[in-house]
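**Student:**
Number of protein chains: 2
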Amino acid sequence: MAGDGSDQRALQYEQTLMYGRYTQDLGVYAKEEAARLRESGQRRSVADRSRTLDLLEYEKGRCAKCRICTVRCQKFLISRVGEDWIFLILLGLLMALVSWVVDFCIAICLQAQKWMYGGLDSNVFLQYLAWVTYPVVLITFSAGFTQILAPQAVGSGIPEMKTILRGVVLKEYLTFKTFVAKVIGLTCALGSGMPLGKEGPFVHIASLCAALLSKFMSLFGGIYENESRNIEMLAAACAVGVGCCFAAPIGGVLFSIEVTSTFFAVRNYWRGFFAATFSAFIFRVLAVWNRDEETITALFKTRFRLDFPFDLQELPAFAVIGIASGFGGALFVYLNRLIVQFIRKQKAINKFLMKKRLLYPALVTLLVSTLTFPPGFGQFMAGKLTQKESLVTLLDNRTWAKQGIAEEFDYIGHSQAWKHPQVNVFVTLVLFIVMKFWMSALATTIPVPCGAFMPVFVIGAAFGRLVGESMAAWFPDGIHTDGTIYPIVPGGYAVVGAAALSGAVTHTVSTAVIVFELTGQISHILPVMIAVILANAVAQSLQPSLYDSIIRIKKLPYLPELGWGHHEKYNIRVEDIMVRDVRYITLNCCYRDLHNVLLTGHLKTLALVETAESMILLGSIERAQLQSLLSQQLGRPRRLEYIRERAAAEKKLMSVVSNPGSEDESQRISQEVRFQISTDESSFSPTRPVPQKPLKPALKRSSVVERPTEIPNSPVDNSGIALKNLFCASPDAEGLEDDADLEDDMTIREIAEWEEKQLDEQVNFNNCKIDPAPFQLVERTSLHKTHTIFSLLGLDHAYVTSIGRLIGVVSLKELRKAIEGSVTVKGVKVRPPLASFRDSGTSSSENETTELHKLWDRHKSMSLPREHTPSESDEKSQ
Amino acid sequence: MAGDGSDQRALQYEQTLMYGRYTQDLGVYAKEEAARLRESGQRRSVADRSRTLDLLEYEKGRCAKCRICTVRCQKFLISRVGEDWIFLILLGLLMALVSWVVDFCIAICLQAQKWMYGGLDSNVFLQYLAWVTYPVVLITFSAGFTQILAPQAVGSGIPEMKTILRGVVLKEYLTFKTFVAKVIGLTCALGSGMPLGKEGPFVHIASLCAALLSKFMSLFGGIYENESRNIEMLAAACAVGVGCCFAAPIGGVLFSIEVTSTFFAVRNYWRGFFAATFSAFIFRVLAVWNRDEETITALFKTRFRLDFPFDLQELPAFAVIGIASGFGGALFVYLNRLIVQFIRKQKAINKFLMKKRLLYPALVTLLVSTLTFPPGFGQFMAGKLTQKESLVTLLDNRTWAKQGIAEEFDYIGHSQAWKHPQVNVFVTLVLFIVMKFWMSALATTIPVPCGAFMPVFVIGAAFGRLVGESMAAWFPDGIHTDGTIYPIVPGGYAVVGAAALSGAVTHTVSTAVIVFELTGQISHILPVMIAVILANAVAQSLQPSLYDSIIRIKKLPYLPELGWGHHEKYNIRVEDIMVRDVRYITLNCCYRDLHNVLLTGHLKTLALVETAESMILLGSIERAQLQSLLSQQLGRPRRLEYIRERAAAEKKLMSVVSNPGSEDESQRISQEVRFQISTDESSFSPTRPVPQKPLKPALKRSSVVERPTEIPNSPVDNSGIALKNLFCASPDAEGLEDDADLEDDMTIREIAEWEEKQLDEQVNFNNCKIDPAPFQLVERTSLHKTHTIFSLLGLDHAYVTSIGRLIGVVSLKELRKAIEGSVTVKGVKVRPPLASFRDSGTSSSENETTELHKLWDRHKSMSLPREHTPSESDEKSQ
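Protein chains in written order, with the working numbering: chain U, 1 to 878; chain P, 1 to 878.
(1) At a CB distance below 7 Å, what residues from the region 615 to 648 of chain U approach chain P? Give them in sequence order.
(2) If you follow the beta strand (DSSP E) that Arg284 of chain U is part of, which residue opens it and which one closes it?
(3) Which of the residues in the region 773 to 794 of chain U, read from start to end, lie with their CB under 9 Å from any CB of chain P?
(4) Please report whether the beta-carbon of Asp839 of chain U lies at a distance below 8 Å from any beta-carbon of chain P.
(5) Quick check on Leu606 of chain P: does DSSP put it in helix, strand or coil?
(6) Alpha carbon to alpha carbon, how far is Phe377 of chain U from Leu186 of chain U? Give it in angstroms, no decimals.
(7) Can you tell which of P:Val180, P:Ala130, P:Gly167 has the C-alpha that lies nearest to the C-alpha of Gln152 of chain P?
(8) Can you grab the Cα-Cα spacing for the pair Leu359 of chain P / Ala330 of chain P, in whole Å?
(9) What span of residues does the alpha helix (DSSP H) with Ala798 of chain U cover, start to end?
(10) For the beta strand (DSSP E) that contains Val810 of chain U, what are its first and last residues?
(11) With C-beta atoms as the reference, is Glu517 of chain U less than 8 Å away from Ile250 of chain U?
(12) Use the C-beta contact count for Trp474 of chain P: other C-beta atoms within 10 angstroms, 16 or more gives buried, fewer gives exposed.
(13) Let me make sure I understand the geometry here. Which of U:His524, U:Lys817, U:Val509 has the alpha-carbon closest to that of Val496 of chain U?
(14) Check for me: the alpha helix (DSSP H) holding Leu170 of chain U runs from which residue to which?
(15) Take every Cβ of the region 457 to 477 of chain P, pair it with every Cβ of the region 384 to 392 of chain P, and state whether three or more of those distances are shorter than 8 Å.
(16) Which residue from P:Asn336, P:Tyr128, P:Ala235, P:Ser802 puts its Cα closest to that of Ile553 of chain P?
(17) So what does DSSP say about Gly478 of chain P, is it helix, strand or coil?
(18) Are any of the Cβ atoms in chain C nearer than 8 Å to that of Glu517 of chain U?
(19) Could you tell me whether the Cβ of Phe263 of chain U comes closer than 8 Å to any Cβ of chain P?
(20) Given a threshold of 16 other Cβ atoms within 10 Å of its Cβ, counted over all protein chains shown, does Gln543 of chain U qualify as buried or as exposed?
(21) I think Phe278 of chain U touches Ile89 of chain U, with their Cβ atoms under 8 Å apart; what is that distance to the nearest whole Å?
(22) Quick one: using the 10 Å Cβ neighbour count with 16 as the cut-off for buried, is Arg291 of chain P buried or exposed?
(23) I think Thr163 of chain U touches Leu556 of chain U, with their Cβ atoms under 8 Å apart; what is that distance to the nearest whole Å?
(24) Spell out whether any CB of chain P is found under 8 Å from the CB atom of Leu546 of chain U.
(25) Only counting the same chain, and skipping five residues up and downstream in sequence, which positions put a Cβ closer than 6 Å to that of Met116 of chain U?
(26) Would you call the region 120 to 139 of chain U and the region 240 to 256 of chain U in contact, with 3 or more CB pairs under 8 Å?
See the structure below:
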């Protein structure tokens with residue numbers, strides 16, 4: 001653990017160097033890190049165990065009774081503390097507090113800005129300076145703080161959580177540092193008054209809370225170390241995040257399910273509901289205790305009439321809002337991606353921004369706040385209202401355009417901001433929508449912790465209000481014909497618009513539920529549902545969701561969803577997309593094969609087959625396991641042992657004439673040596689060899705003639721030349737830590753020869769961890785089913801077998817390609833040239849064997865690459 | 001398909017014979033049927049294909065241009081019709097119509113009863129007769145009609161849908177007959193005014209609609225034949241069922257997910273929402289068009305005040321409602337099960353009821369309607385109100401117990417029913433709750449289509465009202481202290497109680513959402529959520545849900561959920577629960593082994609391993625496949641071929657002296673014969689053998705001496721004696737349909753000898769369908785993970801392998817046992833005696849091999865049972 005420190009710092013530095021982290025291929029990185037983390041975890045648990053053993057030894061002297069009692073008490077406490085519901089209550093409580101504190105701080109920040117702006121009303125220029133400087137400072141601080149402390153805290157967090165819940169371990173995403181960076185960065189970012197949201201980051205913060213709480217609780221022992229349990233808790237945490245952000249427990253659970261999961265375990269349902277309800281409850285109770293509210297009610301309470309919320313004939317208008325929101329949502333996602341890609345592509349801009357990484361946030365903030373400056377352009381777009389205030393006014397149940405003339409209405413409170421002496425309220429609304437639209441798309445690209453849900457929600461509400469006001473102007477007395485007059489309620493349209501646009505951007509239906517919980521009224525349920533579904537239908541057919549778009553931009557390892565009309569997916573088979581050229585090792589292979597396989601590929605796991613002829617799949621082995629096998633075989637300890645043995649044999653050869661009886665004893669010693677290298681203290685000390693011109697390791701077989709020409713960098717560093725090709729990262733440390741007292745008298749040539757000999761030995765898989773049941777598919781499995789299985793089980797790759805014989809492998813990459821290929825080129829099957837030929841074959845068994853032989857021949861004839869793979873050299877350079 | 005008719009009728013008769021179908025082990029039955037159905041489906045699709053080929057041949061003569069045009073138009077139509085959304089719209093429309101018509105008919109039925117009761121107010125006895133006879137007749141008709149037409153329509157349908165969505169095919173559950181029986185039966189049952197609900201049956205009806213619609217749409221071709229698509233559509237249909245029943249689209253989707261699924265694919269989410277929204281919309285629009293409503297609003301609209309729905313200090317009362325509802329819900333489930341089990345156990349009652357199957361419904365109805373007779377006991381429990389009316393009154397926003405004295409309040413409309421001159425309103429409510437509680441539990445055991453949701457909902461509302469009225473009486477001026485007086489709203493308590501009790505009975509959280517959508521108000525969201533979660537916590541720890549309880553009663557094949565506190569599940573491994581004594585066949589086995597394996601076990605699939613020594617799992621083969629292999633080897637055609645060959649050989653032997661050159665030609669013929677049995681028309685006609693005393697088939701090896709003592713039933717039926725043991729159901733038909741012109745001159749002894757010889761041949765697996773990648777687990781897989789994988793993938797069984805070697809098998813049964821065992825005996829690990837020994841072992845490979853050998857030895861030494869298994873004999877007797 002301690003050894004990782006410098007490593008981490010280096011990585012962090014490297015991360016900070018890149019603008020917004022967009023240039024890094026996080027996928028590969030995350031996978032490699034996942035393997036490392038898991039290993040270090042194992043190492044730690046071993047250390048823990050030995051420590052407890054020591055403690056037990058120490059305590060043996062104490063009185064036994066007392067100890068038993070303590071242990072029992074401890075066990076009872078643990079069994080209580082270990083219950084899920086305690087964890088969930090703690091999580092809910094914590095998150096409610098965080099949410100409330102963040103909201104409180106944001107409110108203070110915004111008030112401070114208003115106060116400053118209000119105090120300087122004598123001088124417009126000073127006023128402008130105050131209005132602009134304040135957000136620029138806050139955003140710059142937020143960006144800088146996050147960059148320095150934890151660059152992982154940047155952005156929404158939902159895409160990352162989606163990836164983590166898929167089973168991929170993202171490094172540093174769930175640490176305390178990230179938590180601090182996210183909370184403080186978010187508070188500052190939202191306090192600046194920029195069009196940013198707190199909902200995405202809150203999902204991340206809740207997950208961070210859950211992970212940290214889990215770590216804390218695991219101090220009490222118990223079940224907190226179980227991996228699948230942690231995933232369940234993270235899923236609940238996502239629900240809590242949304243729930244305590246909007247005080248919307250049901251909507252929060254549903255939204256988090258829709259956004260983060262592909263398959264949802266219904267048995268986890270109660271966890272989400274329980275934690276989110278508790279959290280929302282505490283969040284609202286805090287408001288009551290703080291005298292903000294009289295009792296627990298909705299966050300943005302509306303007061304629409306209950307008896308006749310809308311007329312049946314208004315439904316077409318609601319449908320129009322839905323369809324328009326669908327297009328708008330797709331446009332927003334597209335615009336957001338376009339901005340990121342534009343900045344990335346323009347090399348000059350990119351280079352400049354990479355150097356001055358705080359300049360971009362500052363510039364964007366300056367632009368946005370200049371345009372919203374109330375005495376300036378802001379007067380035409382209600383610029384002086386904060387996000388919350390504009391939402392409250394937009395959901396107002398009074399009609400602004402009474403009698404078609406906006407001016408006649410008596411605006412009270414914040415609604416006055418929408419009134420302009422020269423300009424119609426419709427113009428104000430249109431300007432607000434258009435300006436906020438691109439501002440939000442731009443603002444969400446700033447590298448600070450921020451979400452896009454709330455800005456989009458407000459824009460949607462404004463759009464709904466616009467349609468509603470138009471309807472009210474068109475039908476001043478309502479549409480209903482018989483009896484009483486029911487005027488049109490533009491506030492209801494705003495609710496519908498908000499749900500529809502946010503649903504379109506996030507590709508979720510549950511925004512409808514969030515809207516009901518936010519407003520505390522469910523009377524518009526059918527219009528809202530219709531609009532949300534229509535918006536989703538339009539948006540999903542045009543663009544990926546905002547979160548999927550970010551996943552693609554950040555290149556996170558994730559499996560795309562199957563599209564809406566996925567008929568053709570039923571026709572593509574695994575055999576059409578699988579990689580037939582599988583890297584594998586056989587049960588009776590020698591270390592040389594192992595070495596070659598490790599050199600040529602860089603897959604995380606390798607298939608183990610019985611023999612190359614039968615190709616019967618026996619299991620899969622992790623790359624790390626094979627590397628350790630190889631390092632055991634070629635490592636310095638083993639070589640030293642060999643030297644010792646050779647010396648002993650020489651000794652014996654000399655002494656065999658004088659004392660033939662000691663033969664079996666020397667054998668015994670050599671036997672002992674084989675297993676007790678560290679305790680052995682033999683003191684053969686031959687003269688240190690003069691550094692010769694070393695040979696290039698034997699395994700670079702392509703150029704035997706080149707050998708004598710190279711010069712070694714250091715004479716000490718000769719522990720396992722062949723291994724060097726595999727372990728680019730610090731193999732020295734390992735080599736040096738064992739007994740240095742034993743002198744290594746072998747020349748480089750001898751070492752190379754010895755290695756050659758070692759490599760020809762057969763591999764002993766006894767101490768190797770083999771996964772005996774890797775996931776297997778059949779060639780005829782459809783793409784649809786493969787996708788389902790991959791997303792259900794969170795697989796990374798699966799072997800394709802035919803009656804036990806390995807014939808191919810499918811990894812996430814192939815699957816992703818196949819799905820994306822067939823999504824863009826609709827109806828075109830993704831089939832290799834051979835596929836149609838394969839279909840025409842009658843029986844399967846013959847085809848398979850011939851193909852297997854082909855595969856095998858290809859394998860054998862393939863020339864081995866001379867250098868290690870690019871990905872490894874990348875790692876080296878880091 | 002036509003051949004199944006008599007079979008089906010026989011089965012139906014058999015089903016009708018059993019009272020309530022409770023005595024039948026549906027699980028085994030369903031599995032066998034599933035295999036049969038699938039096979040027949042395949043057969044049909046082959047027939048379809050040949051038909052289209054014929055059509056193409058026929059059309060060749062027509063003008064090509066016209067045909068191409070037609071085909072294109074057709075394709076376009078199909079591609080349009082094939083879209084999911086068309087299907088979902090049709091489904092929604094259909095279900096909305098069905099729901100509305102059913103509601104309309106029920107309302108008419110109930111009005112008719114009231115009218116009859118009202119018209120006879122001169123004579124109490126006549127009034128009583130009318131009050132009682134009407135429901136008895138309706139219920140008896142409903143029970144009789146369902147029994148005759150489709151006994152599968154009885155009951156709720158949710159347990160069956162849960163099983164079907166798990167991947168099990170239940171016979172006859174999704175046919176048109178069942179649809180008719182369910183709709184008409186449900187209408188009559190609910191029209192009788194008994195405390196029954198329509199929500200469970202509507203889930204079933206919607207699924208029926210979806211299945212029938214799917215069948216209808218598949219006439220247009222396209223993707224409607226895909227199995228996984230059908231499952232997706234059924235899931236959406238369940239949502240539609242609930243959605244159009246309560247006009248609650250969101251709650252419907254959530255409820256159907258919670259009730260029917262274990263893992264939910266989020267990509268199906270929109271389907272449910274789309275269809276349910278459309279359905280609910282049409283359902284409510286029908287009401288508007290029918291002038292029942294002015295516009296689209298909630299079904300049971302409430303009018304609670306919005307500004308101050310409840311005080312923070314009222315929350316403990318809501319929590320009390322939740323906890324009490326939890327106990328109540330568990331009690332309801334227990335009571336319901338107790339009644340069923342009591343009737344089943346009491347042999348005398350059971351026998352009597354089996355004979356007079358309409359007596360039980362009539363008796364129960366008589367009892368219930370007698371007790372609710374308004375001038376009788378009904379006056380103390382608002383007996384004259386229908387279910388709907390009582391719910392409306394219970395959700396009323398006025399306080400009944402104003403100033404603590406019930407009499408002073410002016411009851412208007414239906415609320416008058418709760419007023420009794422002598423008795424307090426509290427007493428009325430308590431009596432209502434108690435009486436309705438056992439009545440509902442009893443009524444839901446009647447074999448008519450009915451659900452229990454609505455009665456429970458009403459009881460919950462009454463309980464909530466009771467608590468609310470008590471609170472109102474306790475705090476006449478409300479609890480809120482500062483400023484304005486906010487009196488307590490007992491209607492809000494009723495809402496909370498309804499959600500809590502129905503949530504407790506069904507183990508769902510989404511009843512909360514249903515309540516909001518039913519009442520059209522979401523102001524009580526936090527109390528409702530808290531109460532529902534508490535009720536769930538209590539109920540889930542005491543009893544299974546009502547649907548799971550019915551699944552257990554009916555013995556449907558289903559995997560129970562992991563309990564709430566499932567810590568111990570992380571510690572149980574697959575090795576502790578798996579069956580080590582796996583039935584398997586080897587790649588080089590002979591037919592005798594096949595026969596033995598088929599005789600001894602009755603698993604649906606068998607493992608195929610490489611050799612008995614290596615035990616490397618190659619795949620799994622379905623039982624039916626093996627049976628057909630065996631029947632090919634031992635069947636009559638092969639024997640006839642043998643006879644032919646023998647005759648040819650004899651002929652050749654005779655002619656070999658006269659013409660030795662014809663030898664290779666006769667070989668050619670015999671080669672042809674081997675592959676062209678049906679077209680061959682050789683006319684060897686030896687004399688028909690005189691029926692001798694036959695030998696018992698060779699394979700009953702245990703008693704060789706017994707052989708000559710048995711007498712055959714018919715001399716004709718000698719096609720494959722050994723096969724008889726396997727194919728108890730009509731093997732005759734198969735044997736007789738092929739060429740009867742070839743005479744069978746073999747004696748029974750010869751046949752037995754021939755069979756013996758045939759059985760010693762090695763099995764040729766070439767034409768056998770092998771599943772090359774059956775699902776595999778590792779011994780160390782935890783029970784938790786196994787459960788997840790089983791429910792995710794809908795598995796029936798999984799093989800346990802260790803480095804490719806088969807060491808055990810886990811089926812649903814073992815899993816169910818392990819889960820239920822560890823649920824009841826909490827904390828006790830389900831481990832065989834060997835498990836602890838196994839854990840102490842160091843390396844895995846050695847242990848495994850020794851255990852494998854043990855397993856193998858056990859296998860070899862095991863004596864084979866003499867008769868076929870009981871399950872097969874059961875099948876025979878059907």
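Backbone N, C-alpha and C define an ideal beta-carbon position, used for all residues, glycine too.
Note that the structure is predicted; figures quoted are calculated from it, not measured.
**Tutor:** Inspection of the coordinates gives the following:
(1) Ile616, Leu617, Leu618, Gly619
(2) In the first sequence, the residue the question calls residue 284 of chain U occupies position 284. First-last for Arg284 of chain U: 269 to 289, but that is the alpha helix (DSSP H), not the beta strand (DSSP E).
(3) For the region 773 to 794 of chain U, which is checked against every Cβ of chain P, the residues closer than 9 Å are Ala773, Pro774, Phe775, Gln776, Leu777, Val778, Glu779, Thr781, Ser782, His784, Lys785, Thr788, Ile789, Ser791, Leu792, Leu793.
(4) Here residue 839 of chain U corresponds to residue number 839 of the first sequence, with the count starting at 1. Because Asp839 of chain U sits at a pLDDT of 32, beneath the cut-off of 50, its placement in the model cannot be relied upon, and the following sentence gives the value as read from the coordinates. Not an interface residue.
(5) Taking the first residue of the second sequence as position 1, residue 606 of chain P is located at position 606. DSSP places Leu606 of chain P within a strand segment (E or B) once states are collapsed to three.
(6) The count along the first sequence starts at 1 and reaches residue 186 of chain U at position 186. The count along the first sequence starts at 1 and reaches residue 377 of chain U at position 377. Going from the Cα of Leu186 of chain U to the Cα of Phe377 of chain U covers about 27 Å.
(7) Numbered from its first residue, the second sequence carries residue 152 of chain P at position 152. When each option's Cα is compared against that of Gln152 of chain P, the closest is P:Val180.
(8) Looking up residue 359 of chain P in the second sequence gives position 359. Looking up residue 330 of chain P in the second sequence gives position 330. Cα to Cα, the separation comes out at about 29 Å.
(9) The residue labelled residue 798 of chain U in the question sits at position 798 within the first sequence. From DSSP, Ala798 of chain U is part of no alpha helix (DSSP H) but of the beta strand (DSSP E) over 797 to 802.
(10) On the first sequence, residue 810 of chain U is found 810 positions in, with the first residue counted as 1. It spans 805 to 811 - the beta strand (DSSP E) in which Val810 of chain U sits, taken as one unbroken run.
(11) As a first step, residue 517 of chain U must be located in the first sequence, where it is residue number 517. As a first step, residue 250 of chain U must be located in the first sequence, where it is residue number 250. Taking 8 Å as the Cβ cut-off, Glu517 of chain U and Ile250 of chain U qualify as a contacting pair.
(12) Counting from 1 along the second sequence, the entry for residue 474 of chain P is found at position 474. By the neighbour-count rule (16 or more Cβ atoms within 10 Å), Trp474 of chain P is not buried but exposed.
(13) Counting from one through the first sequence, the residue named residue 496 of chain U turns up at place 496. Taking Val496 of chain U as reference, the option from U:His524, U:Lys817, U:Val509 with the minimal CA-CA separation is U:His524.
(14) The sequence position of residue 170 of chain U within the first sequence is 170, counting from 1. Per DSSP, Leu170 of chain U is not a residue of any alpha helix (DSSP H), being assigned neither H nor E.
(15) yes
(16) For the purposes of this step, residue 553 of chain P is taken as the residue at position 553 of the second sequence. Nearest C-alpha to Ile553 of chain P: P:Asn336.
(17) Against the second sequence, residue 478 of chain P aligns to sequence position 478. In this structure, Gly478 of chain P counts as coil in the three-state DSSP scheme.
(18) You won't find chain C in this structure, because its protein chains are U and P.
(19) For this step, residue 263 of chain U is matched to residue 263 along the first sequence. Yes, because at least one Cβ of chain P sits closer than 8 Å to the Cβ of Phe263 of chain U.
(20) As a first step, residue 543 of chain U is located in the first sequence; it is residue number 543 there, counting from the start. By the neighbour-count rule (16 or more Cβ atoms within 10 Å), Gln543 of chain U is buried.
(21) Indexing the first sequence from 1 puts residue 278 of chain U at position 278. Indexing the first sequence from 1 puts residue 89 of chain U at position 89. Yes, Phe278 of chain U and Ile89 of chain U are in contact; Cβ-Cβ is about 6 Å, under 8 Å.
(22) Reading the second sequence from its first residue, position 291 is the one you call residue 291 of chain P. Looking at its Cβ environment, which holds fewer than 16 other Cβ atoms inside 10 Å, Arg291 of chain P is exposed.
(23) Taking the first residue of the first sequence as position 1, residue 163 of chain U is located at position 163. Taking the first residue of the first sequence as position 1, residue 556 of chain U is located at position 556. Contact holds; Cβ gap of about 5 Å.
(24) For the purposes of this step, residue 546 of chain U is taken as residue 546 along the first sequence, with counting starting at 1. It does not: the Cβ of Leu546 of chain U has no partner Cβ on chain P nearer than 8 Å.
(25) For the purposes of this step, residue 116 of chain U is taken as the residue at position 116 of the first sequence. Spatial neighbours of Met116 of chain U in its own chain (CB-CB distance under 6 Å, excluding positions within 5 residues in sequence) are listed in chain order as Ala130.
(26) no
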